[in-house]
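Going by numbering that gives the first Met the number 0, the residue at position 124 of the sequence shown is 123; the numbering climbs one at a time, nothing skipped. Just so it is clear, CB atoms sit at the ideal spot from N, CA and C, and this is done for glycine as well. The structure presented is a predicted model; accordingly, all values stated were derived computationally and were not measured. So the structure is just underneath, and the comments pick up after that.
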Amino acid sequence: MKLSLPLYRQIQPSLYVPTNNYQLLRQPPPKDKVVVVLGATGTGKSRLSIDLATRFAAEVINSDKMQVYQGLDVATNKITDEERCGVPHHLLGIVDPESDFSASDFRAMASVSLKSILRRRHLPVVVGGSNSFVEALVDKSFRSRYDCCFLWVDVARPVLDSFVSDRVDRMVERGMVKEVRDFFKPNADYSKGIRRAIGVPEFDMFFRAESFCDEETQARNFADAIDKIKTNTSRLARRQLEKIHRLRNTKGWMMHRLDATDVFRKRGGEADAAWEDLVAGPGIAVVRRFIYNMEPVGCGGVTAVRDRASLMATASY
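Right, here's the structure in full:
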């Protein structure tokens, strides 16, 4: 059941400060609140966004630069209708696949979506792996209008590499090859639009040669394409992680790091339980604190959350 947010844009009381002239000093109006979910590909960002949106009155804004395009739902790993659980999603599968969609385009369209969500008194949750899009949105005057909470879903690299490799195999089982083949065009420009998505250029040689190669050569070309997809996906995850560290360490973005590594080491019900304990539960507690202006209490490298007298949650930065 979703939690309504009656205090979401609460008006803070005026502040009286005694002076010689008994002047009345007012606090600036409270900023609208925005949650941003960051993380490398495959870490579970979309899952966390749904966890948040089904507990708070929230809507999701996609910030993945490939998922913004129409088509190639499997290759770009778009969240499915079933996985969305009825949560409204913005900027997902709306752009012509042959066109270019820049960071400035994203900033303009995401800003419109943000205002629309806030008019409905819902919480905007920005989620996706394209950190350049998120940076373009949050930079400049954004912080003067919005109060941001950054959640970073992190997974140890060796564990994540193994997971994304297995995920590519599952994408193949779900029909990625046919999907990309139907989209294939000889001499296509792989530097623009959705053709930049991992999985599209890697299959180019396989599709070009499959009609005149023997089965052994076809099998070899197919295996090479899959290996390239896995390698390039791991490289993407590395670049995304480097960007997150830069945003945190160089630009000073305060991030709540949620370590999901143990989730990916487990299976079935144990993995679901670990997700609730390590990611969803702490993430929800952080957002609850953020929405209702609870005060954090610092304790070494850990931030405890105290709502007046009671300790609500703990999350590391």
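Among the options, nearest to residue i - alpha-carbon criterion
i	options	result
I228	V111, V171, V59	V171
N76	L51, G198, L113, G282	G198
S143	K30, D213, V163, R238	K30
W274	R83, S48, V35, V33	S48
Y145	L122, F202, M175	L122
M253	A279, H244, K191	H244
V152	T42, I60, G268	T42
E178	Y189, F206, S164, F162	F206
D95	P157, L257, I193	I193
D258	L277, D72, R166	L277
A284	G267, D271, H255, D72	H255
F105	E82, V86, C84, E134	E134
V86	M108, I93, D99, A52	A52
M230	N248, P157, D50, N292	A small correction: the amino acid at residue 230 is Thr; Met does not occupy that position in the sequence shown. Considering only alpha carbons, the answer is P157.
C84	L240, D50, R219	D50
Which of helix, strand or coil DSSP assigns to residue i
i	result
P27	coil
E58	strand
K227	helix
V179	helix
K64	coil
L136	helix
L235	helix
K32	strand
L37	strand
T216	helix
S210	coil
D50	helix
L240	helix
K191	coil
K184	coil
I197	coil
D72	coil
Chain D within 8 Å of residue i, Cβ atoms only
i	result
V126	Of the protein chains in this structure there is only one, and it is not chain D.
Span separating the alpha-carbon of residue i from that of residue j
i	j	result
A102	V67	12 Å
A224	I290	46 Å
L117	M204	47 Å
V286	E214	54 Å
F141	S110	9 Å
R54	R238	31 Å
L159	V59	24 Å
E269	P28	45 Å
R195	K64	10 Å
G321	V35	Nothing can be reported for residue 321: it is not among the residues displayed for the chain, which extend from 0 to 316.
A222	E97	28 Å
K114	R120	10 Å
L23	H88	With a pLDDT of 47 at L23, under the threshold of 50, the modelled position of that residue is not reliable, and no figure is offered here.
V126	L37	6 Å
Q217	E201	14 Å
A279	V262	11 Å
D165	R266	14 Å
A208	A187	15 Å
A236	M108	25 Å
R169	S190	26 Å
K250	K184	41 Å
R180	Q69	16 Å
K139	L246	14 Å
V176	F100	25 Å
E82	P281	21 Å
S161	S210	33 Å
Residue j beta carbon less than 8 Å from that of residue i
i	j	result
A57	V124	yes
V154	C147	no
F132	S45	no
V163	T79	no
S182	L71	Looking at the sequence provided, one finds Phe at residue 182 rather than Ser. Against a cut-off of 8 Å, the Cβ pair of L71 and F182 comes out as a contact.
S112	L91	no
N130	K32	no
T232	V167	yes
In chain order, what are the residue ranges of uninterrupted alpha helix (DSSP H) at least 4 long that sit wholly in the region 77 to 130? 80 to 83, 102 to 118
Jot down the residue ranges of each uninterrupted beta strand (DSSP E) in the region 140 to 177, minimum 3 residues, whole runs only, in chain order. 145 to 153
Which ranges would you report for the beta strand (DSSP E) in the region 242 to 287 if only whole runs of at least 3 residues count? Whole beta strand (DSSP E) segments, 3+ residues: 254 to 258.
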